[in-house]
Every structure is written in C-alpha cells, then in structure tokens.
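Presented below is the structure to which this report refers.
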C-alpha cells in the first residue's frame with residue numbers, strides 16, 4: 001500500500017468540474033466506520049491506497065479516495 005497524505009494536509013480535487021480544496025482530518029488504511037457530517041458511514045479502502053475524511057472549505061465533510069485528491073501546494077508571500 002502506498003503511504004498516504006498526513007492529517008492536516010491541504011488537498012484539492014475535482015468536484016462537478018470545479019477544482020476545490022479542503023483539509024485531511026482522518027486517514028483510513030483499513031475498512032471501518034466513521035462519523036461523516038454527523039452520520040455513521042462505512043469507509044471502503046483500496047488494497048493499494050488509503051481513503052481520507054476531508055473537511056471541505058465550506059465545512060462539509062467528504063470521504064475521498066487517494067486517487068481522487070492531490071496535495072495543494074500553496075505559496076505564501078510576505
């Protein structure tokens with residue numbers, strides 16, 4: 001299995017043909033259940049890569065596969 005991104009990593013993904021961003025809150029390497037937006041959900045995991053619980057910038061939580069997200073590279077200028 002590939003090593004996934006860490007909790008707190010900023011990520012981006014394509015949602016309805018729009019690139020959007022969020023932050024990884026949990027990383028799953030084995031199938032489990034988790035609270036997502038207050039509801040218990042089954043979390044599936046690939047044999048090759050982890051699954052993430054991501055908090056969207058609007059506050060909503062999403063479950064996303066590793067192949068669906070990219071690390072967000074931000075440039076901070078002072």
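In the numbering used here, the protein residues as written are 1 to 78. Heads up, the beta-carbon is just placed ideally off N, CA and C, and yes, glycines get one too.
Tell me the rounded alpha-carbon separation between residue i and residue j.
i          : j          : result
residue 28 : residue 36 : 13 Å
residue 33 : residue 72 : 27 Å
residue 25 : residue 1  : 20 Å
residue 61 : residue 38 : 9 Å
residue 44 : residue 53 : 11 Å
residue 46 : residue 40 : 20 Å
residue 22 : residue 30 : 22 Å
Keeping to the same chain, check which residues put their C-beta closer than 6 Å to that of residue i; ignore five residues upstream and five downstream.
i          : result
residue 66 : 4, 49, 50
What did DSSP end up calling residue i once you bin it into helix, strand or coil?
i          : result
residue 73 : coil
residue 78 : Reliability of the predicted coordinates at residue 78 is poor, the pLDDT of 42 falling under 50, and the value obtained from them is presented with this limitation in mind. Looking at residue 78 - three-state DSSP - the assignment turns out to be coil, as it is neither helix nor strand.
residue 45 : coil
residue 62 : strand
Excluding sequence positions up to five away, which residues of its chain have a Cβ less than 7 Å from the Cβ of residue i?
i         : result
residue 7 : 24, 25, 26, 27
Less than 8 Å between the CB atoms is what I'm expecting for residue i and residue j, so what's the real figure, rounded?
i          : j          : result
residue 18 : residue 56 : About 12 Å; that fails the 8 Å criterion.
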